[in-house]
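Each step along the sequence shown adds one to the number in my numbering, with nothing skipped, and position 65 is 163. A virtual CB, placed ideally from N, CA and C, is assigned to each residue, including glycine. As the structure is a computational prediction, the values presented were derived from the model and not from experiment.
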Amino acid sequence: MAESSVFDLKAQYAQYGEYHSNPVNIVSHQIFVPSILWSSFGFLYLTGPLFPTPVAVHNFFASTFGLDVTMNAGVIALVLYAGYYFMLDPIAAFLFLPIEVTLFATSNYVMSTSPNGLAIVAAVYVTSWVVQVAGHYVFEKRAPALLDNLLQAFAMAPFFVFLELLFMLGYRPELQKEVHAQVTQRVQAFRAKQKLQ
């Protein structure tokens, strides 16, 4: 199938979703994709401050999380993720933003306060990836999406699992029906192609 715009939610969801149609794999992603994002923010903390922290940002993180946040590469990643998700679906992105900020803040807190911060972040990162990859081979019976489109997999994974959660709660039922139908078609096409090989 032809790939559509990176800003087309339906196309991006269906493209990523075809690798995530098994319920067990979806649940494992709902647990471990946020863990990967959390630990990635922790690794990005290591870049140190890249530019001065705006006073409003400093005050927000200090009062909300007790954190003296620095403008490290994690901030850039957070802004890019949030901006991309707002382009895909502003309401879902708005709902997801507090989760993204909390993942960023707590990983930075661990890195800045724990003498074992790097070991904790690394353990979470490695464990999460092992579970993710195993889930693809065991439950999906196929390689992870990142082997076919690394950038799309990293960009879409956190939002995909959040949308799955929102869909379970009744968010945009027509969109859910449409994208799940597209995912089903893509999975069937993949399975048919597999049988021919």
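Report back the beta-carbon spacing between residue 191 and residue 159 to the nearest angstrom; my notes put them in contact at under 8 Å. Actually they do not touch by this definition, with Cβ atoms about 20 Å apart.
How would you call residue 235, buried or exposed, if buried means at least 16 neighbouring beta carbons within 10 angstroms? Residue 235 should be labelled exposed.
Using CA atoms only, rank isn't needed, just tell me which of 129, 150 and 120 is closest to residue 228. If we check each option's Cα against that of residue 228, 129 comes out closest.
Roughly how many angstroms lie between the CA atoms of residue 251 and residue 290, to the nearest whole one? Taking the straight line from one Cα to the other gives about 23 Å.
From residue 226 to residue 167, what distance separates their C-alpha atoms? So the alpha carbons of these two residues sit roughly 25 Å apart.
Quick one: any contact between the region 138-151 and the region 103-120, if contact means 3 or more CB pairs under 8 Å? Judged by pairs of C-beta atoms under 8 Å, the region 138-151 does not touch the region 103-120, as fewer than three such pairs exist.
Which same chain residues, not among the five before or five after residue 180, have their C-beta less than 7 Å away from its C-beta? In its chain, beyond the 5 residues on either side, 191, 195 and 198 have a beta carbon closer than 7 Å to the beta carbon of residue 180.
In the DSSP output, what is residue 266 paired with across the bridge? Assignment of beta-bridge partners to residue 266 by DSSP yields no partner.
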